[in-house]
Amino acid sequence: MIVVLTGAPGAGKGTQAELLSQRCGYKKLSTGDALRKHVKLGTDIGKVAGAIMEKGELVPDDVLFKILKEELGAIGATEVVLLDGYPRNISQAETLETLKATQPVKAAIHLEVDRNDLIARLSGRRVCPSCGSTFHVTENPPKKAGICDKCSSQLNQRADDKPESIGVRLDVYEKNTRPILDFYGKKGLYKKVAGIGQPETIYKSLKTVIDAL
Ligand code: AMP
């Protein structure tokens with residue numbers, strides 16, 4: 753089954769998907785991570801996606817469809833798949849419906865966070881380009897400023913976490929992605945979890961919702 757983890761950029765979807773996959777063995781599929789991998793490798797998909805992502809806009813649906821097929825193809829029908837960052841518009845949500853036979857969507861869980869908190873989280877986020885660990889300059893700082901605790905690489909700020917892109921991403925979310933909440937609401941699949949507080953508390957709330965599915 754598929755569990756859609758939805759919410760604005762900075763809501764903590766990636767952090768929670770990582771915790772849930774580490775502790776519960778769910779498969780995590782982050783379309784943002786998959787796209788960043790393509791950009792890094794310089795593939796055809798990466799060449800299309802890179803500049804769009806840097807601006808904070810949405811990569812075309814047909815590109816996302818290729819990624820979804822590629823990533824979901826490697827996942828068994830009995831596994832729990834956490835989708836982080838997909839769907840991001842109604843058309844993508846409809847595409848996901850076409851996989852119903854093998855991978856039914858059992859819930860769309862919305863991590864709810866206020867816009868001001870989102871901006872603070874995104875602008876302070878720092879990521880390790882080597883191992884993917886994520887930090888925050890004030891909320892979750894590395895032991896040594898600018899250096900990854902896990903692998904000692906120099907931390908970076910994602911290009912799309914710069915102020916000019918953050919506004920675009922949040923506006924794109926409101927216009928394109930928020931409508932999917934209603935889409936899943938009409939199907940009786942919408943669930944909401946408060947995305948504010950300690951990651952551990954949010955994790956427990958999410959786990960309770962997923963366990964009940
Ligand atoms: P994320 O890591 O989920 O914040 O995604 C980073 C960027 O990748 C987004 O701002 C988009 O440019 C692109 N992206 C990720 N997932 C999607 C998607 N489902 N549809 C379109 N663009 C996406």
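In terms of the numbering used here, the sequence shown opens at residue 753 and continues consecutively. For glycine and all other residues, C-beta sits at the position ideal for the given N, C-alpha and C.
Backbone CA spacing between residue i and residue j [nearest angstrom]
{"i": "Pro893", "j": "Met753", "result": "35 Å"}
{"i": "Asp901", "j": "Lys895", "result": "6 Å"}
{"i": "Leu998", "j": "Lys956", "result": "Residue 998 lies beyond the stretch modelled for the chain, which goes from 753 to 965, so this question has no answer here."}
{"i": "Gly940", "j": "Ala829", "result": "22 Å"}
{"i": "Val791", "j": "Val800", "result": "9 Å"}
{"i": "Glu806", "j": "Arg921", "result": "10 Å"}
{"i": "Asp934", "j": "Gly884", "result": "32 Å"}
{"i": "Pro931", "j": "Thr758", "result": "11 Å"}
{"i": "Asn841", "j": "Thr795", "result": "24 Å"}
{"i": "Val857", "j": "Thr850", "result": "10 Å"}
{"i": "Leu756", "j": "Val815", "result": "Looking at the sequence shown, residue 756 is not Leu but Val. Answer to the nearest angstrom: the Cα atoms are 19 Å apart."}
{"i": "Arg877", "j": "Asn928", "result": "24 Å"}
{"i": "Leu907", "j": "Ser882", "result": "9 Å"}
{"i": "Gln950", "j": "Thr886", "result": "15 Å"}
{"i": "Leu958", "j": "Ala911", "result": "29 Å"}
{"i": "Ile899", "j": "Ser875", "result": "17 Å"}
From the options, residue whose alpha carbon lies closest to that of residue i
{"i": "Ile871", "options": "Lys956, Cys880, His888, His790", "result": "His888"}
{"i": "Lys765", "options": "Arg788, Ile948, Gly798, Cys880", "result": "Ile948"}
{"i": "Asp813", "options": "Gly884, Ile797, Ile827", "result": "Ile797"}
{"i": "Asn868", "options": "Val755, Arg788, Ala760", "result": "Ala760"}
{"i": "Asp913", "options": "Arg788, Val832, Cys880, Gly808", "result": "Gly808"}
{"i": "Thr960", "options": "Glu916, Glu831, Ala859, Cys880", "result": "Ala859"}
{"i": "His862", "options": "Tyr838, Glu823, Leu820, Thr847", "result": "Tyr838"}
{"i": "Cys880", "options": "Arg775, Val833, Gln774, Gln909", "result": "Gln909"}
Exposed unless 16 or more other CB atoms sit within 10 angstroms - verdict on residue i
{"i": "Thr953", "result": "exposed"}
{"i": "Gln768", "result": "buried"}
{"i": "Lys818", "result": "exposed"}
{"i": "Gln844", "result": "buried"}
{"i": "Asp923", "result": "exposed"}
{"i": "Gly919", "result": "exposed"}
{"i": "Asp866", "result": "exposed"}
{"i": "Ser904", "result": "exposed"}
{"i": "Thr783", "result": "buried"}
{"i": "Gly825", "result": "exposed"}
{"i": "Lys938", "result": "exposed"}
{"i": "Gln855", "result": "buried"}
{"i": "Ala964", "result": "exposed"}
CB contact below 9 Å: residue i versus chain D
{"i": "Val755", "result": "The structure shown has no chain D; it contains just one protein chain."}
Start-to-end residues for the alpha helix (DSSP H) that takes in residue i
{"i": "Val800", "result": "796-807"}
{"i": "Thr953", "result": "951-963"}
{"i": "Arg921", "result": "915-924"}
{"i": "Leu824", "result": "813-825"}
{"i": "Pro931", "result": "931-938"}
Beta strand (DSSP E) segment containing residue i, residue limits
{"i": "Asp836", "result": "833-836"}
{"i": "Glu864", "result": "857-864"}
{"i": "Thr847", "result": "Where Thr847 is concerned, there is no enclosing beta strand (DSSP E), although the alpha helix (DSSP H) it sits in stretches over 842-849."}
{"i": "Leu757", "result": "754-758"}
In DSSP terms, what residue i is bridged to
{"i": "Lys779", "result": "Val833"}
{"i": "Ala946", "result": "Glu864"}
{"i": "Val879", "result": "Thr886, Asn908"}
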